[in-house]
Amino acid sequence: MATHNFAYENRLIYVEDEDYESGNVPEHKEYVQGCNRNYPSYYLDEYRASFYTLDKVITSAYYSGGCIVYIQHDSYLNNITFCDGYDEDATDTIMRDFKAYHPDYEKVRELARKIGEDWKNYTAYDALQAYLFALEKPEADKIIDKIKMDYGYRELTKTGSFCNGEALYEQIA
Numbered sequence: 111m112a113t114h115n116f117a118y119e120n121r122l123i124y125v126e127d128e129d130y131e132s133g134n135v136p137e138h139k140e141y142v143q144g145c146n147r148n149y150p151s152y153y154l155d156e157y158r159a160s161f162y163t164l165d166k167v168i169t170s171a172y173y174s175g176g177c178i179v180y181i182q183h184d185s186y187l188n189n190i191t192f193c194d195g196y197d198e199d200a201t202d203t204i205m206r207d208f209k210a211y212h213p214d215y216e217k218v219r220e221l222a223r224k225i226g227e228d229w230k231n232y233t234a235y236d237a238l239q240a241y242l243f244a245l246e247k248p249e250a251d252k253i254i255d256k257i258k259m260d261y262g263y264r265e266l267t268k269t270g271s272f273c274n275g276e277a278l279y280e281q282i283a
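In short: position in the sequence shown from 1, add 110, done, that's this note's numbering.
So this is what it looks like as structure tokens:
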């Protein structure tokens, strides 16, 4: 069905050729810049701006069909100033933006402080990004479940990879 790159590290909702041909796919007009040109991805229009750390996309498979997944992006933190002494401002911005997800104030502030102390060390930056992504992931899973139900798609999991890049998939409940 596809190469090893087809399955992302999260959900894999399979879109068959018949779905594309019959129009049984969510609206997807905007191309994801920087994606692999062999597997073009498009943002799902309805959910384009609903998260800070991830996007829902439809990605074409190598041979046929495609998949609906969510991808992580880190552009949210690029718009926040992390300097020594500004950790409280950065924390307040994050707490305001992620209010619906009830983040832990002390955890966010500690990571923001570490970023400000040593901005060349990406460990704290990556940890904060992973923490914020984990907050949004359950809501993203609900949307993926809704898309799966609304369009009658199947969910697959990758069960094996071959040395030439091919992969085996199996349907899951």
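Glycine included, each C-beta is placed from N, C-alpha and C at the ideal position.
Three-state secondary structure (DSSP) of residue i
i, result
"serine 132", "helix"
"threonine 201", "helix"
"serine 281", "Note on residue identity: the sequence assigns glutamine, not serine, to residue 281. Residue state, collapsed to three classes: strand."
"serine 151", "strand"
"methionine 111", "A caution first: methionine 111 carries a pLDDT of 48, below 50, which makes its placement in the model too unreliable to give a value."
"tyrosine 263", "coil"
"glycine 270", "strand"
"isoleucine 190", "coil"
"serine 170", "strand"
"glutamine 239", "helix"
"valine 179", "strand"
"valine 218", "helix"
"tyrosine 162", "coil"
Closest residue to residue i among the options (Cα-Cα distance)
i, options, result
"glutamine 182", "Leu266, Tyr173, Asp255, Val142", "Val142"
"glutamate 191", "Lys139, Lys166, Glu227", "For clarity, residue 191 is threonine in the given sequence; the question names glutamate instead. Per the Cα distances, Glu227."
"lysine 268", "Gly275, Tyr279, Gly262, Lys258", "Tyr279"
"cysteine 193", "Ile257, Tyr157, Arg223", "Arg223"
"glycine 133", "Gln281, Tyr261, Ser271", "Tyr261"
"isoleucine 212", "Ile282, Ile254, Tyr232, Tyr241", "Per the sequence shown, the amino acid found at residue 212 is histidine instead of isoleucine. Looking at the Cα atoms, Tyr241 is the closest of the given residues."
"alanine 210", "Pro248, Asp197, Gly270", "Pro248"
"glutamate 137", "Ile168, Ala159, Ser271", "Ile168"
"tyrosine 196", "Met259, Ala237, Trp229, Tyr172", "Trp229"
"glutamine 281", "Asp207, Lys139, Tyr263", "Tyr263"
Beta-carbon spacing of residue i, residue j below 8 angstroms
i, j, result
"tyrosine 215", "isoleucine 225", "no"
"serine 174", "proline 150", "no"
"glutamate 265", "isoleucine 123", "yes"
"isoleucine 178", "isoleucine 257", "yes"
"phenylalanine 243", "leucine 187", "no"
"isoleucine 253", "arginine 121", "no"
Contact set for residue i: own chain, Cβ-Cβ below 7 angstroms, skip 5 residues either direction
i, result
"phenylalanine 161", "Glu246, Ala250"
"methionine 259", "none"
"glycine 270", "Ala277, Leu278"
Cβ-based neighbour list, residue i, same chain, cut-off 6 angstroms, excluding 5 preceding and 5 following
i, result
"glutamate 126", "Gly175"
"aspartate 184", "Gln239"
"cysteine 145", "Ser151"
"lysine 102", "Look at the range of the chain in this structure, 111 to 283, and you will see that residue 102 is not part of it."
"alanine 237", "Leu221"
Contacts around residue i, its chain only, beta-carbon distance under 8 angstroms, and the 5 residues preceding and following it disregarded
i, result
"tyrosine 130", "Gly175, Gly176"
"threonine 201", "Tyr215, Val218, Arg219, Ala222"
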